[in-house]
Each structure stands twice: as C-alpha cells, then as structure tokens.
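> Numbering (my numbering), first residue to last: 27 to 134.
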C-alpha cells in the first residue's frame with residue numbers, strides 16, 4: 027500500500043494549519059526565473075503622500091541580473107526560437123542619473 031504524500035504548514039500567529047495532499051494534481055513548471063535588483067534610495071520631498079502612505083524614498087534602478095532555468099525536457103530549439111537566454115543577463119547603469127546604459131551583457 028502506497029502512503030499518500032502530505033505537506034502541512036503551521037501559522038503560529040493565528041494558530042491555524044494548512045494541509046496539502048493532492049500532489050498528483052500538481053503541474054511541473056517549464057521554467058524557473060531567478061532575479062535580483064539593486065537600486066539607489068533617493069530622498070523624496072513627500073509631495074506624493076496619501077492618508078495611509080508616506081513616501082520617503084524613491085528606488086532608482088542601478089542594476090539587475092536575471093537567470094532563466096528551463097526544465098530539462100524543454101527543447102533548445104524552442105528556447106532559440108523565442109530568444110530565451112539560458113545564461114545570466116545583467117544590466118548596469120540607468121538613464122535617470124544622466125548616464126547611458128553602460129552594460130547589458132549575457133554571462134556564460
């Protein structure tokens with residue numbers, strides 16, 4: 027007799043549990059996307075405040091990097107057809123600081 031897989035999560039704040047049993051109904055995702063963004067914090071003049079929100083900084087993009095990891099069963103021809111890189115893609119620099127895009131490259 028095969029034992030059924032289950033997953034249980036406990037929320038200590040509300041003392042509640044969530045249980046998942048139907049692993050046979052799950053679907054495999056064809057891609058995983060890993061990304062990281064870095065930004066400068068620019069002091070805000072607080073003119074955009076609302077009743078519930080006080081904006082104190084803007085996040086001005088400095089750089090990002092992303093990596094797409096396809097499943098092993100995705101054909102390389104399909105990745106090439108839609109120009110999906112399987113190498114990390116990095117961007118550095120931003121026009122909001124009066125600088126041009128100084129680097130966008132694929133790392134292998």
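Cβ atoms here follow ideal geometry from the backbone N, Cα and C, with glycine treated the same way.
(1) Tell me whether residue 95 sits in a helix, a strand or coil according to DSSP, three-state version.
(2) Could you tell me the distance, in whole angstroms, from the CA atom of residue 77 to the CA atom of residue 65?
(3) How many angstroms separate the CA atom of residue 124 from the CA atom of residue 82?
(4) Can you give me the Cβ contacts of residue 37 inside the same chain, cut-off strictly under 8 Å, excluding the 5 residues immediately before and after it?
(5) Taking the C-alpha atoms as reference points, what is the distance between residue 35 and residue 50?
(6) Can you tell me whether DSSP reads residue 41 as helix, strand or coil?
(7) Can you tell me whether residue 129 is helix, strand or coil according to DSSP?
On the basis of the data shown:
(1) strand
(2) 26 Å
(3) Reliability of the predicted coordinates at residue 124 is poor, the pLDDT of 47 falling under 50, and no value is obtained from them.
(4) 43, 44
(5) 19 Å
(6) coil
(7) Here the model assigns residue 129 a pLDDT of 48, short of 50, so the residue's position is not dependable, and the following value carries that caveat. It is a strand residue.
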